[in-house]
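**Q** In this text, residue positions in the sequence shown follow numbering that gives the first Met the number 0: the first is 0, and each later residue adds one. Yeah, the Cβ is synthetic: ideal placement off N, Cα and C, and Gly gets one too. For clarity, every value in this text was computed on a predicted model and none was experimentally measured.
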Amino acid sequence: MLKSMTGYGKGEATTPNGNFLVEIRSVNHRYGEISVRMPRTFYAFENEVKRLAASVLKRGKIDISVQWDESAAAPAAPQLDMAVARGYHEAYSRLAKELNLPKDAPPSFIMSQKGVMKEGVGAVDETELQPHLLSAVTAAVAALDGMRTREGEALADDLKARRSQIAEWTALIGERIPLMVTDYRQKLKARLDQLLDGIEMDESRLAQEVALLADRCDITEELVRLASHFGQFDEALRSTEPVGRKLDFLMQEMNREVNTIGSKSNDSGITNLVIQIKAEMEKMREQVQNVE
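(1) Applying the criterion that 16 or more other CB atoms from any shown protein chain within 10 Å of the CB defines a buried residue, is G243 buried or exposed?
(2) Classify S163 as helix, strand or coil using the three-state DSSP reduction.
(3) Taking the alpha carbon of E47 as the point to measure from, which residue in A135, G230, I172 and L171 has its own alpha carbon closest?
(4) Look at the alpha carbon of E240 and the alpha carbon of E234, and state the distance between them as a whole number of angstroms.
(5) With DSSP as the reference, please indicate the residues paired to I61 in a beta bridge.
(6) Just to confirm, are Y30 and R58 a CB contact at a threshold of 8 Å?
(7) In this structure, how does DSSP classify L79 when only helix, strand and coil are distinguished?
(8) In three-state DSSP terms, what is M4?
(9) What are the partner residues of L20, as DSSP defines its beta bridges?
(10) Using the three-state DSSP reduction, which class does K96 fall into: helix, strand or coil?
(11) Closest by CA to M4, which one among T270, E32, R224 and N27?
(12) Taking DSSP as the reference, what is the three-state secondary structure of K49?
(13) Could you give the first and the last residue of the continuous alpha helix (DSSP H) run that contains V55?
(14) Which residue or residues does DSSP assign as beta-bridge partners of V290?
(15) For a quick check, are the C-beta atoms of Q129 and F44 less than 8 Å apart?
(16) Take R24 and list the residues in its own chain whose beta-carbon comes closer than 7 Å to its own, dropping the five residues that flank it on each side.
(17) Would you mind working out which of Q66, A142 and G151 sits nearest H131, comparing C-alpha positions?
(18) Thinking C-alpha only, which one of L225, L154, Q251 and K159 is nearest N289?
(19) Shortest alpha-carbon distance to N258 belongs to which of F248, D266 and T270?
(20) Helix, strand or coil for K245? Go by DSSP, reduced to three states.
(21) Are the CB atoms of S64 and R36 within a distance shorter than 8 Å?
(22) Inspect the CB distances between the region 243-254 and the region 141-156 and report whether three or more fall short of 8 Å.
(23) Helix, strand or coil, according to DSSP, for A71 in the structure here?
(24) Determine the extent of the alpha helix (DSSP H) in which A235 is found, giving its start and end residues.
(25) Which residues mark the beginning and the end of the alpha helix (DSSP H) in which S107 is found?
(26) Could you check which residue in A84, D103, A82 and V83 has the C-alpha nearest to that of S92?
(27) Beta-carbon within less than 7 Å of E252's beta-carbon, same chain only, minus the 5 sequence neighbours each way: which residues are those?
(28) Which word fits A122, buried or exposed, when buried means at least 16 other C-beta atoms lie within 10 angstroms of its C-beta?
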């Protein structure tokens, strides 16, 4: 079962203190690369989020965005640091005595100094929100994986159709091999008859030349290896594991064999078939680049 490397998924989780929204996007990549953007408050959970995504998404460039909305949480009252405030008050008193200033500092002055007032600490610890965060991540990963699976099914159907077409053209090449030798013998004999102009031809020499051409143009091994690659390609399409890299390798090997067939062939019919095969294989290669 093929999976695509591109897709989008979203997951949400609601808590008494706020809401999580997790969005995941993935695109093609040679390896598996996961990046996470989340509020600083939840940085401690980043590795757990990555581990959860990597357990399902094996390959691709995956971007995870975590949003935290505290709109549902009760606001916490600011906290007053009395030790810091007392320090400012004593410092002001000494300064007032030296400079003959009013002895009592206005409360608003002391409260405005750095460190006197601190943000209120919520009643819920961040660790209590971890299960909700991971629940939203799990939902987003599942949605993304579902989309990648559906796209993978479409990719598999397209690759199977193109591979079947290439197999038909390859079979035609196999049928052309004996005809190629016969055509060459006829053309060579006709040319020699023209050049010799009535002089008796050495049939053994003609047979030798035809045999040499047949040996130089023999593409049997290439066709056998190509058939083997086809079989491995079909097997990979049925695999439940990520096979994108294997398919990419097989496409390279198949292309190598087709190129060799084209370079060995001395037959216009085979050359035309090779051109068609190479064009179709290029389309397959583009599709394979998107397989996980």
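**A** In short:
(1) Mapped onto the sequence shown, residue 243 falls at position 244. Buried is the call here.
(2) On the sequence shown, residue 163 is found 164 positions in, with the first residue counted as 1. Look at S163 here: in three-state DSSP terms it is helix.
(3) On the sequence shown, position 48 is the one that residue 47 refers to. It is A135 whose Cα lies nearest to the Cα of E47.
(4) Locating residue 240 in the sequence shown gives position 241, counting from the first residue. Locating residue 234 in the sequence shown gives position 235, counting from the first residue. About 11 Å.
(5) The count along the sequence shown starts at 1 and reaches residue 61 at position 62. I61 pairs with S25 and I33.
(6) The residue given as residue 30 occupies position 31 in the sequence shown. The residue given as residue 58 occupies position 59 in the sequence shown. In this structure, Y30 lies near R58, with their beta-carbon atoms less than 8 Å apart.
(7) Working through the sequence shown from its first residue, we reach residue 79 at position 80. Judged by DSSP in its simplified three-state form, L79 adopts strand.
(8) Locating residue 4 in the sequence shown gives position 5, where the first residue counts as 1. Under the three-state reduction of DSSP output, M4 falls in the coil class, being neither helix nor strand.
(9) Sequence index remark: in the sequence shown, residue 20 carries index 21 (1-based). Looking at the DSSP assignment, L20 forms a beta bridge with E11 and Q66.
(10) Here residue 96 corresponds to residue number 97 of the sequence shown, with the count starting at 1. Helix.
(11) In the sequence shown, counting from the first residue as 1, residue 4 sits at position 5. The residue with the shortest Cα to Cα distance from M4 is N27.
(12) Position 50 of the sequence shown, counting from 1, holds the residue named residue 49. In the structure shown, K49 sits in a helix (DSSP, three-state: H, G or I).
(13) Here residue 55 refers to the residue found at position 56 when the sequence shown is read from its first residue. Careful: V55 lies outside any alpha helix (DSSP H) and carries neither H nor E.
(14) As a working note, residue 290 is residue 291 in the sequence shown. DSSP output for V290 lists S3 as bridge partner(s).
(15) Residue numbering aside, residue 129 sits at position 130 when the sequence shown is read from its first letter. Residue numbering aside, residue 44 sits at position 45 when the sequence shown is read from its first letter. Less than 8 Å divides the Cβ of Q129 from the Cβ of F44.
(16) In the sequence shown, residue 24 corresponds to position 25, counting from 1. Around R24: Y7 and D62.
(17) For this step, residue 131 is matched to residue 132 along the sequence shown. Check the Cα spacing between H131 and each of Q66, A142 and G151: the tightest is with Q66.
(18) As a working note, residue 289 is residue 290 in the sequence shown. Nearest to N289 by C-alpha distance, out of L225, L154, Q251 and K159, is L154.
(19) Indexing the sequence shown from 1 puts residue 258 at position 259. Closest by C-alpha distance to N258, out of F248, D266 and T270, is T270.
(20) For the purposes of this step, residue 245 is taken as the residue at position 246 of the sequence shown. Secondary structure at K245: helix, using DSSP grouped into helix, strand and coil.
(21) For the purposes of this step, residue 36 is taken as the residue at position 37 of the sequence shown. For the purposes of this step, residue 64 is taken as the residue at position 65 of the sequence shown. Taking C-beta atoms as the reference points, R36 and S64 count as a pair closer than 8 Å.
(22) Taking one beta carbon from each stretch, the region 243-254 and the region 141-156 have fewer than 3 pairs nearer than 8 Å; the two do not touch.
(23) Walking along the sequence shown from the start, residue 71 turns up at place 72. Interpretation of A71 is limited by its pLDDT of 48, a score under 50 that renders its predicted location unreliable; the figure taken from the coordinates is listed afterwards. The answer is coil: DSSP assigns A71 none of H, G, I, E or B.
(24) The sequence position of residue 235 within the sequence shown is 236, counting from 1. Per DSSP, A235 belongs to the alpha helix (DSSP H) from T219 to L236.
(25) As a first step, residue 107 is located in the sequence shown; it is residue number 108 there, counting from the start. Note, S107: alpha helix (DSSP H), P106 to M110.
(26) Numbered from 1 along the sequence shown, position 93 holds the residue referred to as residue 92. Checked all of A84, D103, A82 and V83; the closest Cα to S92 is D103.
(27) Start at 1 with the first residue of the sequence shown, and residue 252 comes out as number 253. The beta carbon of E252 is closer than 7 Å to those of H228 in its chain, skipping five residues each way along the sequence.
(28) The sequence position of residue 122 within the sequence shown is 123, counting from 1. Interpretation of A122 is limited by its pLDDT of 49, a score under 50 that renders its predicted location unreliable; no figure is taken from the coordinates.
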